[in-house]
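Residue numbers (my numbering): 26 to 438.
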Amino acid sequence: MTRDAYLEEIKDYLYGDATVAKIWGVATPALSEPQPPSEFPDYSKGNRYTCRDSDFWTSGFFPGSLYTLLARNEKYPEYFPSQKINPVKLEYAAKWWAEGMVKHKNKTDNHDLGFMLVPSFETEYLRSESEKSKEVLIKGANSLASRFDEKVGCIRSWDELFPIKGEGSRTSNFDKDLVVIIDNMCNLNLLYLGAELSGDSRLADIATTHAETTLKNHFRDDWSSYHVVMYDRETGKAKDKFTFQGYADESAWTRGQAWGILGYVETYMYTKDKKFLDAALNITKYYLSMLPEDGVPPWDFDAPDKHIRDVSSGMAAAFGMLKIYECTKDEEILNYALKLVNDCIKLAYNKKATLNNDGTVDLGQTDTILGKSTFINNPDVVEEWKIFDHGLVYADYYFLMIGNKLLELGLYK
26 MTRDAYLEEI KDYLYGDATV AKIWGVATPA LSEPQPPSEF PDYSKGNRYT CRDSDFWTSG
86 FFPGSLYTLL ARNEKYPEYF PSQKINPVKL EYAAKWWAEG MVKHKNKTDN HDLGFMLVPS
146 FETEYLRSES EKSKEVLIKG ANSLASRFDE KVGCIRSWDE LFPIKGEGSR TSNFDKDLVV
206 IIDNMCNLNL LYLGAELSGD SRLADIATTH AETTLKNHFR DDWSSYHVVM YDRETGKAKD
266 KFTFQGYADE SAWTRGQAWG ILGYVETYMY TKDKKFLDAA LNITKYYLSM LPEDGVPPWD
326 FDAPDKHIRD VSSGMAAAFG MLKIYECTKD EEILNYALKL VNDCIKLAYN KKATLNNDGT
386 VDLGQTDTIL GKSTFINNPD VVEEWKIFDH GLVYADYYFL MIGNKLLELG LYK
């Protein structure tokens, strides 16, 4: 299919009332509560969302989804049903849901502050230059920077390893080991934002050093990525490479590859260092070469159970590819991104919700826009942690962000 054919194919899914209804229907019950939400949508196994406490790493994506719709309405009102959802109420909802995340600006025991804070507070700062959102981003960046190990050249991801069964079980020592996961590449944007807003170049230097160290140690010769690298804090060298969420230590967990694509193109956009763009392109080429015939990523490229998919990986990867297109104007990359979105929609777009004229919503059978994602399916994790074939809040978030990015790029006239 041509670029224009893909754009036409996915348009109604990206901007239709049914997509907006999923977010609005989940958001509105909290608006009548006396306090902002303290639990946030994470995944839907079955019909309804399972929520997590605000300190869980996915908690920023639902407020960020509301902010993505707010930005869409303000910049591209013809692509938002403002006759059904009052824009003032939408702004209130975005701020109300984000309020519960403000306190995490001082959190120093979590590497995911970029995921938790950027989706809401960057958008709020860009639209209003709010001093509150600026403070959240700067303080959050400094909290994240406190986890940087100068000897290793990386930000600590987990304070300790999660237990798994069997021979793959490992332990770590907080004082001697530094555990780094590929996901961390997508938290560096908080450091670059903090540097821009505060003038503290140290924050950007930490982000760039982390990206360089990860580039050196996380990738195999074919540009597939390990999930986890454990470093020796005394020598600064990598001592072990393995997986937690993927199929096996030497396999390619697909969402990890997507984090690599998105993280490296964003790092390039801040630094303009071509080696980071080259990395994003090389990871993309690997990713595309491994997709099955129907174009929807499995949960792990090397796992035998190919029928178990991860649409969240597809959405994060496609969003990263659109950013590569933004930097390069490479039409082939754009076409691959659009095809990936279209293929995922065909398999995973949930039955439609209804947005009524008065703004009320019938969510239909499920809370999420998309299904067919996989949080974790490592055969060696404890059974209660295995979650697959479900909706994920960040699959929906990146789906909405893809819609906004296509508008920003002028691809819909």
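Quick reminder that beta carbons are idealized off the backbone N, C-alpha and C, glycines included.
On a predicted model such as this, the values are computed, not experimentally measured, just so you know.
Counted as a single uninterrupted DSSP element, the beta strand (DSSP E) harbouring P66 occupies residues E64 to S69. Contact between F65 and R77 holds: their C-beta atoms lie close to 6 Å from each other, under 8 Å.
Cα atoms of D383 and P54: separation of roughly 15 Å, rounded to the nearest angstrom. Of the candidates S84, S69, Y31 and G428, the residue whose Cα lies closest to the Cα of G139 is S84. Partner residues in a beta bridge of K36, as assigned by DSSP, do not exist. Look at K300 here: in three-state DSSP terms it is helix. The DSSP-derived three-state label of V143 is helix. Distance check between Y38 and each of D421, L434 and K438 places D421 closest, using alpha-carbon atoms only.
CA-to-CA, the gap between V45 and V113 works out to about 16 Å. Counting along the chain, Y350 sits inside the alpha helix (DSSP H) bounded by residues V336 to T353.
Exposed is the label assigned to G435, since fewer than 16 other Cβ atoms lie within 10 Å of its Cβ.
Runs of the alpha helix (DSSP H) lying entirely within the stretch 219-294 and spanning at least 4 residues, in chain order: 226-242.
Under the three-state reduction of DSSP output, P102 falls in the helix class.
Per the DSSP secondary-structure output, T148 pairs with nothing in a beta bridge.
Here the stretch 169-187 makes contact with the stretch 250-267; the two share three or more CB pairs at distances below 8 Å.
Rounded to the nearest angstrom, the Cβ distance from D134 to R258 is 17 Å, too far for a contact under 8 Å.
The alpha-carbon of A378 is positioned some 10 Å away from that of I48. Under the Cβ criterion (8 Å, minimum of three pairs), the stretch 273-285 counts as touching the stretch 305-315.
Taking 8 Å as the cut-off, the Cβ atoms of E99 and R152 count as close. In this structure, DSSP gives T385 a state outside helix and strand, which the three-state scheme calls coil. Cβ neighbours of K109 within its own chain (closer than 8 Å, five residues either side excluded): D42, L380, N381, N382, D383 and G384. Per DSSP, the beta bridge partners of V205 are V254.
Beyond the five residues adjoining it in sequence on each side, M315 comes within less than 6 Å, by CB distance, of F326 in the same chain, given in chain order.
A distance below 7 Å between beta-carbons, with the five flanking residues on each side excluded, links I401 to the following residues of its chain, in chain order: Q270, W410, K411 and I412.
Straight through space, the alpha carbons of E433 and W248 are spaced by roughly 30 Å. Distance between K164 and E221, taken at the CA atoms: about 13 Å.
Cβ-Cβ distances below 6 Å link V205 to C179, S182 and V254 in the same chain, with the five nearest sequence neighbours on each side left out; the list follows chain order. Its Cα nearest to that of W122, the residue E149 stands out among S69, G288, V386 and E149. Note that the C-beta distance between R28 and E351 is not below 8 Å.
The secondary-structure analysis by DSSP pairs T75 across a beta bridge with Y68.
Assigned with DSSP and collapsed to three states, S194 falls in coil, not helix or strand.
Per the C-alpha coordinates, the member of P59, L228, Y101 and S90 positioned closest to Y437 is Y101.
Secondary structure at T44: helix, using DSSP grouped into helix, strand and coil. Counted as a single uninterrupted DSSP element, the alpha helix (DSSP H) harbouring I427 occupies residues V418 to E433.
Within the same chain, and ignoring the five residues on either side of F81 in sequence, the residues whose Cβ sits closer than 8 Å to its Cβ are F65 and D67. The DSSP-derived three-state label of F173 is strand.
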